[in-house]
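Written below as structure tokens is the structure these notes are about.
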Amino acid sequence: MQKYMFGIDVIPLHRDTTCATPWTMTDFRTLAQMAEAEMRSVFDETPLQRNEHLSAKYDADIWLKREDLSPVRSYKLRGAFNAMRKVIDTHSKFVCASAGNHAQGVAFMCRHFNVSGVIFMPVTTPQQKIQKTQIFGGDNVEIRLIGDYFDDCLRAAQAFCAAEGAHFLSPFDDEDVIQGQASVAVEIERQLGRVPDHVILPVGGGGLSAGTISYFDTTCHFSLVEPMGGACLWAALIAGKPVKLDKVDTFADGAAVGQIGTKTFERLKNVGLASVLRIPEDRICTTMLEMLNVEGIVLEPAGALSVDALKDLGQAIRGRTVVCVTSGGNFDFERLPEVKERAQRFSGVKKYLILRMPQRPGALKEFLNFLGPEDDITRFEYLKKSARNFGSILIGIETKSPEQFDTFFQRLETAGFAYTDITNDELLSSFVI
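Those letters in the sequence shown? Residues -12 to 420, per our numbering, in order.
This is the structure:
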């Protein structure tokens, strides 16, 4: 594997050994370009926009490939279109399993091609994505909610296909889908007028990253970004093959996949671990809020991964032309309070404590005097027990900077108030926060 400066691996193209006829780089580029050209009869290209805020912040030339502005607010309709157009003459019923974005792409294309589709989605899929899928597909699609995780509805969809003889549309593990997703790279190269120095891509099942890397080959650097609770590419690279994660955090549902695809991993297996970034779900929330508040850009958690990764790249991107693929903007605003909560906890400006309060007159007033002028109580639950000398309080405190908590905790300890910080205790916080 070749290396460029800053120690970033440059990924070579490799052949897909599962194909009857192994392809070359020229073949793949041609197929991706043909797919992109065919798409123009259905939907416009998504914009490539230079972002002044991010460019100044990271001292680089930062561009956003706005897949969140596609007709279905994600890149997924590209792969769905390319896969369906290849078999539309022989199939009239299509089936897919999806946490949301692939479902919307398939629904959109079912209506476009006037064919029927049955779409299997996890019960945990955000309601906004379910509703949009139905809107895009109209009378052409039927939605079935099965299981808590993507793998559950995938098994149900495949069983349905076997029983009904329908055509299964993989969300990522399909050559035609991978070629369709590579149309993102075709547009980037044309819109920028050249190949960028560095491309940052989110990874779920691997369709977008496999297609983009295969198209650009070794001509630029890549950073592949996964949510910490769904790092299936990372696990596969360590194992040397796709492996199933024991547990998946579904917060970043657009990239929360339990096992990377076989075909996509074949194209990604030479990626060095140094080029794969794993982002904590709570940190993604800080970027979602930044893009919303500063730029007015609505991104779903998976769609913010590539932008959030800029925080980890530092000197590797300084002075370079970087393209971040914002892969989706299907965000349900009912989740905004949760996103704000997660962002504040990650940033250290909000904490939850279990406090032992002496049961004597004036104790509560004494405690309140420990708070600074910028500290705000956001939650307070107190159960007085007359048979005890102390009562327990659940308290949530929000402040302006993490450092202010240091002073607050010192005051508590000096006064002899016992407390337990449960902010990062996953088990306790799941019950009380």
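We put the CB at the ideal spot given by N, CA and C, even for glycine.
- Annotated as distal: residue 309 and residue 43, with beta-carbon spacing of 8 Å or more.
- Assignment of residue 197 by DSSP, reduced to helix, strand and coil, places it in the helix class.
- Of 104, 79, 98, 167, the smallest CA-CA separation from residue 131 is found for 104.
- The Cβ atoms of residue 29 and residue 99 sit closer than 8 Å to each other.
- Beta-bridge analysis with DSSP links residue 84 to 107.
- If you draw a 10 Å sphere on the C-beta of residue 254, you find 16 or more other C-beta atoms in it, and that means buried.
- Comparing alpha carbon positions, the residue from 283, 328, 399, 150 closest to residue 344 is 399.
- For the pair residue 127 and residue 49, the Cα-to-Cα distance works out to about 40 Å.
- Along the length of the segment 239 to 270, whole beta strand (DSSP E) runs at least 3 residues long occupy 263 to 266, reported in chain order.
- Taking 8 Å as the cut-off, the Cβ atoms of residue 188 and residue 220 do not count as close.
- Per the C-alpha coordinates, the member of 241, 323, 303, 284 positioned closest to residue 158 is 241.
- The beta carbon of residue 173 sits closer than 6 Å to those of 19, 20, 23, all from its chain and outside the five residues before and after it, given in chain order.
- The segment 274 to 362 contains, as complete beta strand (DSSP E) runs of 3+ residues, the segments 308 to 313, 337 to 345 (chain order).
- Under a 10 Å Cβ-count criterion, residue 228 is classified as exposed, with fewer than 16 other Cβ atoms of the shown protein chains found around its own Cβ.
- Residue pairing from DSSP places residue 50 in a beta bridge opposite 37, 310.
- Proximity of the segment 329 to 339 to the segment 296 to 305 falls short of the contact definition, fewer than three beta-carbon pairs being nearer than 8 Å.
- The criterion of a C-beta distance shorter than 8 Å is satisfied by residue 278 and residue 294.
- The C-alpha of residue 387 is placed about 52 Å away from the C-alpha of residue 81.
- Spanning the alpha carbons of residue 377 and residue 334 requires a straight line of approximately 32 Å.
- With a threshold of 16 other beta carbon atoms within 10 Å, residue 176 meets it and is buried.
- For residue 353, same chain residues with a beta-carbon under 8 Å away, outside a window of 5 residues either side, are 402 in chain order.
- Shown here, residue 132 sits in a strand according to DSSP, grouped into three states.
- Nearest neighbour of residue 185 by Cα position, chosen from 101, 27, 208, turns out to be 208.
- Per DSSP, the continuous alpha helix (DSSP H) segment holding residue 394 begins and ends at 390 to 402.
- The segment 193 to 202 makes contact with the segment 245 to 254; the number of CB pairs closer than 8 Å reaches 3 or more.
- The Cβ atoms of residue 362 and residue 245 do not sit closer than 8 Å to each other.
- By the 16-neighbour rule on beta-carbons within 10 angstroms, residue 69 is buried.
- Restricted to the segment 138 to 202, the alpha helix (DSSP H) segments that are unbroken, complete and at least 4 residues in length are 162 to 168, 170 to 179, listed in chain order.
- Annotated as distal: residue 338 and residue 418, with beta-carbon spacing of 8 Å or more.
- Residue 40 places its beta carbon 8 Å or farther from that of residue 63.
- Residue pairing from DSSP leaves residue 45 without any beta-bridge partner.
- Here the alpha carbons of residue 92 and residue 15 stand approximately 22 Å from one another.
- Bridge pairing for residue 378: 344 [DSSP].
- One Cα belongs to residue 169, the other to residue 201, and the distance between them is close to 8 Å.
- DSSP lists 339, 366 as the bridge partner or partners of residue 383.
- If you draw a straight line from the Cα of residue 292 to the Cα of residue 154, it is about 32 Å long.
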